[in-house]
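To start, the structure itself, in structure tokens.
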Amino acid sequence: MGTDNLSRRAFLTGVAATAATVTIVPRHCLGGPGQTAPSDTFGAALIGCGGRGGGTFGGLGPNVKRLADCDVKFLDKADNKKVYSDFRRVLERKDIDMVAIATPPHWHALISIAAMQAGKDVLCEKPMTRFIAEGRAVIEAEKRYGRVYQIGTYGRFGASHDRNSILTRKIIKSGLLKQCKGVHFKRGDFKVKEWSGKVNLQPQPIPKNLDWDMYCGPSPFKPYNVDRTGGRHRGYWDYEGGGLADMGQHHWEGPCWTYGKDETSPVEIEAYGAPAHPEACGMWGWVEHRFADGMTFVFASGEWGEPYNRLQQRGVTLEDLDPDDRKKVLAMPDDPPLISFEEAVKTRKPAGGSSWTSHRTATLLHLSNIAIRIGRKLRYDPDKQEIVGDEEANRLVNQPMRAPWHL
Amino acid sequence: MHSTFSTTILTRRVGHFAKLSVPRPKQQPQFGKMRYGCVAAVLLCVALVGGTLSPAARGEDAPKTGLAALVATVPDADKGGRTPGALTAPDLDTMKKIYNEVLKGGKENIVALVGMLVEPGQGDDYKARYVLHSMMTYVMRPDPEAEKDRTALTDALIATLSSDRPKSVKAMVLQELKWCGSKPQAEAIGKLLSDADLCEPAAQALVGIKDTADIFRQALPAAAGKNRVTVIQALGVLRDTKAVDELKKALADADPVTRVAACEALGNIGDPAAADAMLAAGDAAKDFDRTRMNDAVLLLAKRLIAVDNKKDAERIYAKLWETRTDPQERHVRIAALQGLASLRTDLNDLLAAMKTDDLQIRAVALRTAVTGLGPNGTKMLLDALEKAAPRDRADLLAILGARADPAAMPAILGMLKDPDEKVRIAAIQAAAVLGGEQAAQAVAAIAVAAAGKELEAAANGLARMPGAEVNGIAAAALKQAAEPAPRMALLSALGIRRAEDQREPVAAGLADKDVGVRIAALKALALMAGEAQLPAMVKILKESMDERAPSLLIAVPPATVKLLTDAKDEGERGAAESALVAVAPRSADKCAGLVIAALADAPPENAAALIRVLGAAGCKKALEAVIAQTKGANADLKDVAAHVLGDWRDRAGAASMLDLAQTSANETHQVLALRGLIRLAKEGGSPAEKVKLLDSVMKTAKQPAEKRSALGVLQDVPTLESLQLAVPCLDNDDIREEAAEAILKIADPLAKQKADNVLDAVRDALEKVTKATKRSNVRTAAQKLLNQVKK
Chain A
0 MGTDNLSRRA
10 FLTGVAATAA
20 TVTIVPRHCL
30 GGPGQTAPSD
40 TFGAALIGCG
50 GRGGGTFGGL
60 GPNVKRLADC
70 DVKFLDKADN
80 KKVYSDFRRV
90 LERKDIDMVA
100 IATPPHWHAL
110 ISIAAMQAGK
120 DVLCEKPMTR
130 FIAEGRAVIE
140 AEKRYGRVYQ
150 IGTYGRFGAS
160 HDRNSILTRK
170 IIKSGLLKQC
180 KGVHFKRGDF
190 KVKEWSGKVN
200 LQPQPIPKNL
210 DWDMYCGPSP
220 FKPYNVDRTG
230 GRHRGYWDYE
240 GGGLADMGQH
250 HWEGPCWTYG
260 KDETSPVEIE
270 AYGAPAHPEA
280 CGMWGWVEHR
290 FADGMTFVFA
300 SGEWGEPYNR
310 LQQRGVTLED
320 LDPDDRKKVL
330 AMPDDPPLIS
340 FEEAVKTRKP
350 AGGSSWTSHR
360 TATLLHLSNI
370 AIRIGRKLRY
380 DPDKQEIVGD
390 EEANRLVNQP
400 MRAPWHL
Chain B
0 MHSTFSTTIL
10 TRRVGHFAKL
20 SVPRPKQQPQ
30 FGKMRYGCVA
40 AVLLCVALVG
50 GTLSPAARGE
60 DAPKTGLAAL
70 VATVPDADKG
80 GRTPGALTAP
90 DLDTMKKIYN
100 EVLKGGKENI
110 VALVGMLVEP
120 GQGDDYKARY
130 VLHSMMTYVM
140 RPDPEAEKDR
150 TALTDALIAT
160 LSSDRPKSVK
170 AMVLQELKWC
180 GSKPQAEAIG
190 KLLSDADLCE
200 PAAQALVGIK
210 DTADIFRQAL
220 PAAAGKNRVT
230 VIQALGVLRD
240 TKAVDELKKA
250 LADADPVTRV
260 AACEALGNIG
270 DPAAADAMLA
280 AGDAAKDFDR
290 TRMNDAVLLL
300 AKRLIAVDNK
310 KDAERIYAKL
320 WETRTDPQER
330 HVRIAALQGL
340 ASLRTDLNDL
350 LAAMKTDDLQ
360 IRAVALRTAV
370 TGLGPNGTKM
380 LLDALEKAAP
390 RDRADLLAIL
400 GARADPAAMP
410 AILGMLKDPD
420 EKVRIAAIQA
430 AAVLGGEQAA
440 QAVAAIAVAA
450 AGKELEAAAN
460 GLARMPGAEV
470 NGIAAAALKQ
480 AAEPAPRMAL
490 LSALGIRRAE
500 DQREPVAAGL
510 ADKDVGVRIA
520 ALKALALMAG
530 EAQLPAMVKI
540 LKESMDERAP
550 SLLIAVPPAT
560 VKLLTDAKDE
570 GERGAAESAL
580 VAVAPRSADK
590 CAGLVIAALA
600 DAPPENAAAL
610 IRVLGAAGCK
620 KALEAVIAQT
630 KGANADLKDV
640 AAHVLGDWRD
650 RAGAASMLDL
660 AQTSANETHQ
670 VLALRGLIRL
680 AKEGGSPAEK
690 VKLLDSVMKT
700 AKQPAEKRSA
710 LGVLQDVPTL
720 ESLQLAVPCL
730 DNDDIREEAA
740 EAILKIADPL
750 AKQKADNVLD
760 AVRDALEKVT
770 KATKRSNVRT
780 AAQKLLNQVK
790 K
């Protein structure tokens, strides 16, 4: 159910449910007489040891012991004891409670799902996924196995402490707005040029230490070229989605929380960009997302084409409500504070950046890129999570994977 | 020529089948080592330079006259992007003209376009690939008028699949068909499922088309190795019920990858006839294969529930719950437990799970009871509540509250007087979550008279209870409370609620005889006060050094005692300052007036706090007072004022900051002021304003650190004036490299302008950078940009 049509009662029920889970922290986690206290230290592994690896691992918290490092470029030194090149072997270890995943994004969903299927908790570097259907599968795994999942970006935590954001969220989620006129912009810092791809990569010899087949994984097998790896993978649809996908989760986690869009998605998406290359992520000017309640999100790259000039930034305030409704909103309780990955692991409550909230942020990015790639205005069904009336675009929502990898 | 590459693909894929040992793939052939590579490359290059390909080299018809020239009009890559080689982006209108010209020639023209694609490593086919792919997207628009073009395109792509083009080119074509293929092309694509190199891209195209299970099923008997896994996976994704028998046989395949793929396919198809075989396969599997098979079985149960086959689903969940008893598989039991809870008509499984010592199972059981029970959930929970022991009653009450079903309210209110404190607290929390006037009155009545954890629970409940009527109920309780502890707790609750309609009763707490209550009132007012409460708040701040304070510690709650004893009088002062800082921006002028008046005779410690409050007020009156303090006699207060001025929130403080930086004898004050100016430049304003501020910093700063910081901001201001400010910094040894990098960043967008004076300045600046910098990467980048400008 999208939140745009959510009744106030239903919203409060949701708040209540979350609040109650706060009150029913199993007493075991507190220790004490007659109760078993949780282990003070968790066994952990880092999967994907390149650029963001160390930082992502640090997000697991202080009480973890790094038992294994895994990377497809460790082919020449993997001992399957401390160093691995195949994440499946890491997940078989019984002493590993949690994993930090910092591979390129085409592996994020599959390794997250596999880790949760193996009973591990997961902290995954952003972006959460490479396409929309992956997000739904990650959610399914988190819920099915009662795991803790947190995306490695924390914009929604900041927003959840900001008084203006808290009020805006209440206004939106109260369901009392007759027509939302809000327009929220993110201008620039999408690294469009920096993380665009090269258009005619030529085959190069595969480095001896690299398991290239495993690197490609679920994506189409292509000849090795160094530009497909090492951070520059960001510029190719096979592995990510340009600077928009890479930076977008940073930029939109907070607004999605503030504007109550962490359980729904836009219904119309329109992009202005250059016709897309089949492999390399390219140039775009802006993307406009309209939600069912009237809220608009605008991505403006500032790096290509004519600047966006359709709408002006406009917040959502109490002035948008009738006087009686303002009082109702002010009387609404605050959401309980979002909890960190570390606390979530100890208390077995969902982390602040759980899969079902971050998936909606990732969906914004994917819909943006689909609109850019397709070059047409899209209509999206946030409940079915499908593009309506455009078969080609819809195939980008759920993309086939190279066997034996699949969702 | 293609066979070398294709064999390499096959060799690489073997890696998927290895479990513990992952063979290292062979080296990918290099361009020069490929069979016929050199000759072919030369031929292709000649052909491309000539604008067409040799029909003899390709064995196909030559492109129509003009097609190669048309494709050549696509802008070259490797311009415009910061990254070398980044895609240059033509606009859609330019490309549409090209599409329409290509499409005018129909299928034949598109075949010729596909003929311009080359194998990887054999030349640059960027423009042809780009036109083909983007044209595909263009003709796939949902427009009946595009139907003819769609047919021509897909016919052309299919024709390529049966030609003698290299397999890598056919793979590219299949990747296009993955997005645009439809049922009429399925049979032709299906023929490639038996091709070792093209099976995978063909399968992906067919999965995209969707109604293609027959083709995969027919291919299954002959498929082997990697192809067999691909076909099995596709049958699963397409949920082909007719393949179940064959897939069940594959559960016994000698190859573990095939067994897992079959199990996963069966799980997705959702046929109950496969359940026992899948469970048996999972029982026998080990390590990661067992993990995947467990998941497949759970998926099967979910599929069965979706078609209302609860009996078989329940049997699967029960089997997993009973057999996956190794602690390492408790997550599988967790999944089974949630499934069982959704199907059972009683709570026995969940109640048992809630009592387990396993934290993870217990937590999920509790959460499932809140969100995973059906419509009879509340009744089942109320029945269980009647019979439960105290510990379980507390958990059940929490669950009932979280479910937010009003039907549970009578039972919850009844438990507010339970003999067991934990039960009472759980009932308070549940009532608070459910909300409503009746619950609010009951919880407020408890707050008035309670202590300890029960009071804490009641206050927390009131703080977060929904309903506008709660404010008044909590304020009424505040007046009734005889002891300080309930008064403090209720004040805190009103503050958290931002109960602006109850400001007066909260402000009355400022005059309370108990210091803890006064602090609680201040903290609450920080969240909700209006102008009317300001005088009383300032008075408290001014008098917080009052000698009566220590004597007021008697009989206040431990937390407040600790607050005040640890920090001496910092507690009261801190609370007051926080309150005023929060209120000040809302009533800047009035607040500033009150604070300035209080400053005159306030003790120094409190004067410092008052100056900080002036910073929060941020109005003209406050600024003048802060400036005066920077020139006062008390050194400590001058320090405070310099900090406040340096943090001034807008440009109104800029002139005073500059004055302080230029005239103060205190080096710290100079730096604080300069950093304030740099911050203001970074935070906003027009480019000209930014440059003006940064210019003043450059002229005033004595230390390189501030100049470096200024350059860091300047580099994001791409104007001629900015460039002119940065260039002289190249002559300063301390900041030369920072200046060089800033100039590069400023010059990049300026280089795209057309004005001669700008381009002249850019050229001059870049030339100076190439001579001044000692960093080769900076020099190279500058030279590259310089070359562009010179063009």
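Keeping their order, the protein sequence lines are chains A and B. Take the first sequence: its position 162, counted from the start at 1, is 161 in numbering that gives the first Met the number 0, and no numbers get skipped. Take the second sequence: its position 528, counted from the start at 1, is 527 in numbering that gives the first Met the number 0, and no numbers get skipped. Ideal Cβ placement from N, Cα and C applies to all residues, glycine included.
The shortest C-alpha to C-alpha distance from A:Y83 to any of A:D120, A:A44, A:M97 is the one to A:A44. For A:K260, there is no enclosing beta strand (DSSP E), as DSSP marks it with neither H nor E. Around the C-beta of A:E318, fewer than 16 other C-beta atoms lie within 10 Å, and the residue is accordingly described as exposed.
Only exposed fits A:H160, as fewer than 16 other CB atoms lie within 10 angstroms of its CB. Collapsing the DSSP output to three states places B:M353 in a helix. For B:Q723, no CB of chain A lies under 8 Å from its own CB, so it is not counted at the interface with that chain. The C-beta of A:A117 comes closer than 8 Å to at least one C-beta of chain B. Of the candidates A:D245, A:D380, A:S353, the residue whose Cα lies closest to the Cα of A:D120 is A:S353. Residues of the segment 165 to 182 of chain B whose Cβ lies closer than 9 Å to any Cβ of chain A, in chain order: S167, A170, M171, Q174, E175, K177, W178, C179, S181. Under DSSP, A:T295 forms a beta bridge with A:V182, A:R289. Within the model, the alpha-carbon separation for B:T772 versus B:I745 is close to 16 Å. Considered as a whole, the segment 614 to 700 of chain B harbours no complete run of any beta strand (DSSP E) with no fewer than 3 residues.
With respect to A:E239, A:P103 sits close: the two C-beta atoms are nearer than 8 Å. A direct Cα-to-Cα measurement between B:D747 and B:L784 gives close to 7 Å.
In the three-state scheme derived from DSSP, where H, G and I count as helix and E and B as strand, B:Q437 is classed as helix. Chain B has a Cβ within less than 8 Å of the Cβ of A:D389. Sequence-distant partners of A:E391 (beyond 5 residues in either direction) whose C-beta falls short of 8 Å from its own C-beta, in its chain, are I373. Under the three-state reduction of DSSP output, A:A275 falls in the coil class, being neither helix nor strand. At a cut-off of 8 Å between beta-carbon atoms, B:T290 makes contact with chain A. For A:L45, there is no enclosing alpha helix (DSSP H); the residue is found in the beta strand (DSSP E) stretching over 41 to 46. When Cβ pairs closer than 8 Å are counted between the two stretches, the segment 265 to 274 of chain B is seen to touch the segment 295 to 311 of chain B, the count reaching three or more. Its chain contains M94, Y98 as the residues whose beta carbon lies nearer than 8 Å to that of B:S133, once the 5 sequence neighbours on both sides are disregarded; these appear in chain order.
When secondary structure is reduced to three states using DSSP, B:Q501 falls in the helix class. Its chain contains A457 as the residues whose beta carbon lies nearer than 6 Å to that of B:I445, once the 5 sequence neighbours on both sides are disregarded; these appear in chain order. One alpha carbon belongs to B:S491, the other to B:P483, and they sit about 12 Å apart.
Around the Cβ of B:R674, a 10 Å sphere holds 16 or more other Cβ atoms; the residue is buried.
Three or more Cβ pairs drawn from the segment 229 to 247 of chain B and the segment 193 to 213 of chain B lie within less than 8 Å of each other, which places the two stretches in contact. Of the other Cβ atoms in all chains shown, 16 or more fall within 10 Å of the Cβ of A:D226; this residue is therefore buried.
Around the beta carbon of A:R88, 16 or more other beta carbons sit within 10 angstroms, so the residue counts as buried. Interface flag for B:G373 against chain A is unset, since no Cβ pair is found closer than 8 Å. If you draw a straight line from the Cα of A:P202 to the Cα of A:N224, it is about 6 Å long. In this structure, DSSP gives A:G314 a state outside helix and strand, which the three-state scheme calls coil. Close partners of B:Q437 in chain A (Cβ separation under 7 Å) are lacking, with about 16 Å as the shortest Cβ gap.
Separation of B:D288 and B:A274 (C-alpha to C-alpha, rounded to the nearest whole angstrom) is 17 Å. Taking A:A108 as the centre and dropping the five residues before and after it, the same chain places the C-beta of M127, T128, R129, E133, G134, A136, V137, L406 closer than 8 Å to its C-beta, in chain order. With a cutoff of 8 Å on beta-carbon distance, A:L337 and A:R155 are scored as near each other.
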